[in-house]
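Asker:
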Amino acid sequence: MSERADFLRSVRGRAYDREAFNCWHLASLVQAALFGRLLPIADPALVADTRERARVLASHPTRAEWREVAVPVDGALVLMGKAAGAETHAGTWLAEDGGLILHTDEPHGVALDPPLELAQARRWRLTYLIPV
Numbered sequence: 001m002s003e004r005a006d007f008l009r010s011v012r013g014r015a016y017d018r019e020a021f022n023c024w025h026l027a028s029l030v031q032a033a034l035f036g037r038l039l040p041i042a043d044p045a046l047v048a049d050t051r052e053r054a055r056v057l058a059s060h061p062t063r064a065e066w067r068e069v070a071v072p073v074d075g076a077l078v079l080m081g082k083a084a085g086a087e088t089h090a091g092t093w094l095a096e097d098g099g100l101i102l103h104t105d106e107p108h109g110v111a112l113d114p115p116l117e118l119a120q121a122r123r124w125r126l127t128y129l130i131p132v
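Mapping to full-length UniProt numbering: the sequence shown position 115 is 115, numbers consecutive.
(1) In chain order, what residues of the same chain have a beta carbon less than 6 angstroms from the beta carbon of asparagine 22, not counting five sequence neighbours either side?
(2) Take aspartate 74 and list the residues in its own chain whose beta-carbon comes closer than 8 angstroms to its own, dropping the five residues that flank it on each side.
(3) Compare the beta carbon distance of leucine 79 and histidine 89 with 9 angstroms and say whether it is the shorter of the two.
(4) Please name the residue or residues paired with threonine 127 in a DSSP beta bridge.
(5) Can you give the Cα-Cα distance for glutamine 120 and alanine 84, rounded to whole angstroms?
(6) At the level of alpha carbons, what is the spacing between arginine 12 and lysine 82?
(7) Out of Arg9, Phe35, Glu3 and Glu117, point me to the one whose CA is closest to valine 110's CA.
Right, here's the structure in full:
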């Protein structure tokens with residue numbers, strides 16, 4: 001078994017926790033463990049304030065280190081929300097099985113979901129970002 005498969009097995013199904021293991025925590029862990037990239041630490045208060053979270057995700061200085069791409073590549077950071085510039089959820093696009101987004105939410109915990117399912121079922125716009 002590969003290290004990547006072992007890592008995915010270790011996080012899949014892990015429970016969501018607003019303070020200790022939310023979507024940004026998982027995205028940060030995946031980016032570091034699988035792709036050697038460090039994401040900034042998120043303010044815990046952002047979990048409860050979706051408007052502020054959307055503002056921070058859209059305007060954080062680190063955003064300049066990433067660029068949007070139309071077609072995701074393995075390891076792309078995925079920001080999800082109802083409208084462009086108002087994303088409130090994060091995950092990582094992985095090339096497994098034709099492309100899946102690894103993310104966590106309440107009540108599902110860590111899951112690998114097809115992008116189309118997330119876009120249609122939740123009516124989310126998916127924004128794919130890769131390092132500049």
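Don't be surprised by glycine CBs; every beta carbon is placed ideally from N, CA and C.
This one's a predicted model, so the numbers in the text were calculated from it and none came from an experiment.
Answerer: The short version:
(1) On the sequence shown, residue 22 is found 22 positions in, with the first residue counted as 1. Val47, listed in sequence order.
(2) Position 74 of the sequence shown, counting from 1, holds the residue named residue 74. The residues are Trp93, Leu94 and Ala95.
(3) Counting from one through the sequence shown, the residue named residue 79 turns up at place 79. Counting from one through the sequence shown, the residue named residue 89 turns up at place 89. Yes, the pair counts as a contact, with Cβ atoms nearer than the cut-off.
(4) Here the question's residue 127 lines up with position 127 in the sequence shown. Leu79.
(5) Counted from its first residue, the sequence shown places residue 120 at position 120. Counted from its first residue, the sequence shown places residue 84 at position 84. Approximately 16 angstroms between the Cα atoms of the pair.
(6) Taking the first residue of the sequence shown as position 1, residue 12 is located at position 12. Taking the first residue of the sequence shown as position 1, residue 82 is located at position 82. So the alpha carbons of these two residues sit roughly 25 angstroms apart.
(7) Here residue 110 is taken as the residue at index 110 of the sequence shown, counted from 1. The shortest C-alpha separation from valine 110 is found at Arg9.
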